[in-house]
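Heads up, the thing below is written out as structure tokens.
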Amino acid sequence: MLRRLGLRLAVSLVATRCTAQQLTSGQGVTLPSNDAFYLVPDALDQVKPGTILRHRAPPQPIVACGPVAACGETPLDLEASHQILYRTTDSNGNATATVLTVLVPRHADMAKVVSYQVAENSANIDCAPSYVSLLGHQGGRPVVDLQTAQTVLDKGFVVILPDFLGPNGAFLANRLAGQATLDGVRAAINSAPFTGISQKPAVTLWGYSGGSHPTLWAAELQPAYAPELAIAGAAVGGLVPNIPTSIAKINGQPSAGLIATALVGLMKQYQELGGIVAQHVLPGYRDKLSYPRHHCAEVTLAEFHNQDILAMFDDRNFLLTNPTVTDIFARNQVGKQTPRIPLLVYCAIDDIFTPIGVTDSLLDGYCAAGANAEYHRVEAVGHSDLALVGAPKALAWLADRMNGTKSQAGCQRNTVQWPRAN
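This is the structure:
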């Protein structure tokens with residue numbers, strides 16, 4: 059059975075801007091936790107990753123979100139849309155399944171596909187992109203991500219949105235997220251008979267903030283996990299390369315609730331984490347830390363706004379120094395392999411989640427190992443604004459890659475000022 063837990067971590071504030079109430083099944087679209095379509099079939103061990111297990115038209119239209127229509131009130135004008143349950147692999151090497159949403163614009167170029175990883179930032183399956191993009195949903199609305207997806211559709215590219223956190227919403231379980239992203243590409247290619255996607259499309263990956271984890275992990279894992287996939291490039295922004303550093307930076311800040319989300323999400327893939335957290339959380343905060351289980355991101359952020367999460371444990375350095383916890387964090391950080399596809403990386407120098415030096419060090423490692431990376435360190439703009447400011451530049455870069463334009467060889471690093479979004 060699917061579990062219903064929902065939190066989210068120290069990584070991105072750009073996701074939900076519309077109100078997210080506690081999720082119930084009394085009205086609107088059926089929640090994923092109650093929808094048989096989302097159930098993981100038995101006996102998947104012998105099924106190849108990326109295999110399509112079932113598919114359907116979405117139960118409601120995919121919604122528009124932008125300056126013309128209020129968020130979530132008007133359906134997108136699409137040629138077609140599809141939901142696909144496909145086989146993937148979790149962080150522990152076990153077979154599982156998750157859902158991919160395929161969006162086909164009018165007059166689409168079916169040979170160009172952008173896998174866009176939404177900054178969901180929740181540990182609750184009922185906040186998955188495949189659900190919160192539907193008209194009549196009951197979760198939080200990823201406004202910036204929907205606007206970004208629309209700009210891709212406007213270019214005539216097919217957009218795929220993987221529920222990369224898996225069937226239980228395992229937020230920050232990044233090996234799962236990267237593998238689910240790659241298997242989503244495989245599933246999209248396998249869907250050619252009913253979606254019309256080319257069997258040999260030009261594919262790119264894109265994710266900002268909470269969407270950067272699965273995107274960059276997919277880029278790192280691709281040579282070993284999905285070597286047959288010819289991915290033209292990946293654009294990533296708002297990175298969080300070092301989890302403990304970001305926890306220390308956002309503790310007591312508006313995004314502190316993401317720390318609790320990280321713990322709940324990781325517990326779903328690492329059972330030992332639940333036991334050690336239970337031993338060290340102060341009794342008065344046990345219920346508090348479980349609060350986000352039935353909420354999407356925005357409500358969790360409001361509940362923990364400016365709170366000292368580290369003080370909720372018997373040792374305020376527990377999350378930063380306990381060997382079990384730090385080992386799990388380390389297993390879910392990027393930088394373990396070097397991507398072999400071209401990268402565009404853009405980060406705010408004054409990012410609220412990550413000191414720019416941490417991202418600099420990650421790129422230093424990549425470049426020393428022969429990566430092809432264009433890295434922009436952006437001045438005079440913050441984390442959330444850069445999601446909007448950087449989108450046109452990222453999309454142009456992705457379009458060049460899909461059109462066959464070669465990126466510059468080696469690594470380029472620039473400190474730039476990009477105009478702030480209106």
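In this text, residue positions in the sequence shown follow the numbering used here: the first is 59, and each later residue adds one. Where a beta carbon is used, it is the ideal one built from N, C-alpha and C, also for glycine.
{"Asked": "Under 7 Å between C-beta atoms of V216 and A166", "Found": "yes"}
{"Asked": "Selection from F229, M460 and N300 that minimises the alpha carbon distance to P400", "Found": "M460"}
{"Asked": "7 Å Cβ cutoff met for G227 and I183", "Found": "yes"}
{"Asked": "Reference N92; option with closest CA among L102, I308, A101 and C185", "Found": "C185"}
{"Asked": "P285 burial status per 10 Å Cβ neighbour count (16 or more: buried)", "Found": "exposed"}
{"Asked": "Host beta strand (DSSP E) of D52 (start-end)", "Found": "Given a span of 59 to 480 for the chain in the structure shown, any question on residue 52 remains unanswerable."}
{"Asked": "contact_flag[the stretch 103-118, the stretch 238-252] where n(CB pairs < 8 Å) is 3 or more", "Found": "yes"}
{"Asked": "Element boundaries [alpha helix (DSSP H), containing P259]", "Found": "Counting along the chain, P259 falls outside any alpha helix (DSSP H), and DSSP gives it neither H nor E."}
{"Asked": "DSSP-derived helix/strand/coil call for Y349", "Found": "helix"}
{"Asked": "Ordered list of alpha helix (DSSP H) runs contained in the stretch 174-255, each at least 4 residues", "Found": "187-190, 201-212, 232-248 and 250-253"}
{"Asked": "Own chain, CB closer than 6 Å to V126, minus 5 neighbours either side, in chain order", "Found": "Reliability fails at V126, whose pLDDT of 46 lies under 50, so the model's placement of it is uncertain and the value that follows must be treated cautiously. So the list is empty, once near-sequence residues are dropped."}
{"Asked": "When V447, T156 and T273 are compared against A292, the one with the closest alpha-carbon", "Found": "T273"}
{"Asked": "Runs of alpha helix (DSSP H) wholly within the stretch 262-317 (minimum 4 residues, chain order)", "Found": "270-283 and 301-308"}
{"Asked": "Under 7 Å between C-beta atoms of G295 and Y266", "Found": "yes"}
{"Asked": "Residue nearest to L134 in terms of C-alpha spacing, selected from A155, R164, S149 and A153", "Found": "R164"}
{"Asked": "Pick from Y433, A231, V176 and L230 that is closest to Q208, judged by C-alpha positions", "Found": "V176"}
{"Asked": "Run of the alpha helix (DSSP H) containing C469, from where it starts to where it stops", "Found": "That residue, C469, is in no alpha helix (DSSP H); its beta strand (DSSP E) goes C469 to Q475."}
{"Asked": "Proximity winner among P99, H140 and A122, relative to A115 (alpha-carbon distances)", "Found": "H140"}
{"Asked": "DSSP beta-bridge partners of Q141", "Found": "R114 and T159"}
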